[in-house]
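Reading through the structure tokens given below for one structure.
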Amino acid sequence: MKNGLLLLVAVGVIGACVDPSASEEKAEKAKLRQSYSNCINASEGAPDKLANCQAILEQLKTIKEHQAFAQKENVRVIDYQRCLTARKTGDGQAYAEDCGKIWQEIRANNSPTTTN
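Residue numbers (the UniProt record's numbering): 1 to 116.
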């Protein structure tokens, strides 16, 4: 009985030490990542809409937990934008498949089930 009471007191003390602002900050970071994924999915590959997602991606680069993802994603998005430009200025048919593959990779990395 004494051990059980001591355990409850210890759990209460440890629980009081947890910083609630830390969990709020973590939730905000996760929300930012979700905002980026939503932006990508809503853009449907349109370059002008995709540019709006870049601002969110830049914010993700400043968060340690998301830096690796943001760097890789930035490269993918830049590759996609270059592909679209090349498609407009060059042989559209030749680039259509490549652009589609890059876009599918971006979408796959931002699907609702992805937790990178």
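The beta-carbon is built from N, C-alpha and C at its ideal position, and this holds for glycine as well.
Since the structure is predicted, the reported quantities are computational estimates derived from the model, not experimental observations.
Residue nearest to THR85 in terms of C-alpha spacing, selected from VAL75, LYS72, LEU60 and CYS99: Indexing the sequence shown from 1 puts residue 85 at position 85. Of the listed residues, the one whose Cα sits closest to THR85 is CYS99.
So with Cβ pairs under 8 Å, would you call ARG107 a contact of chain D? Although the question refers to chain D, the structure presented lacks it and comprises just one protein chain.
Distance between ILE78 and GLU105 (C-alpha atoms, nearest Å): In the sequence shown, the residue the question calls residue 105 occupies position 105. In the sequence shown, the residue the question calls residue 78 occupies position 78. Between GLU105 and ILE78, the C-alpha separation is close to 13 Å.
Using only the alpha-carbon positions, how far apart do LYS26 and PRO112 sit? Mapped onto the sequence shown, residue 26 falls at position 26. Mapped onto the sequence shown, residue 112 falls at position 112. Approximately 18 Å, taken between the alpha carbons.
Apart from the five residues on each side of it in sequence, which residues of its chain come closer than 7 Å, Cβ to Cβ, to ARG33? Your numbering for residue 33 matches position 33 in the sequence shown. Closer than 7 Å at Cβ, skipping near neighbours: LEU60 and HIS66.
By a C-beta neighbour count over all protein chains shown, 10 Å radius and 16 as the cutoff for buried, is VAL11 buried or exposed? Numbered from its first residue, the sequence shown carries residue 11 at position 11. Bear in mind that the predicted position of VAL11 carries a pLDDT of just 49, short of 50, making it unreliable; the figure below should be weighed with that in mind. Answer is exposed; the Cβ neighbour count stays below 16.
Can you tell me the Cβ-Cβ gap for LEU57 and ALA46, rounded? I've got them flagged as a contact below 8 Å. As a position in the sequence shown, residue 57 is number 57, starting the count at 1. As a position in the sequence shown, residue 46 is number 46, starting the count at 1. About 16 Å; that fails the 8 Å criterion.
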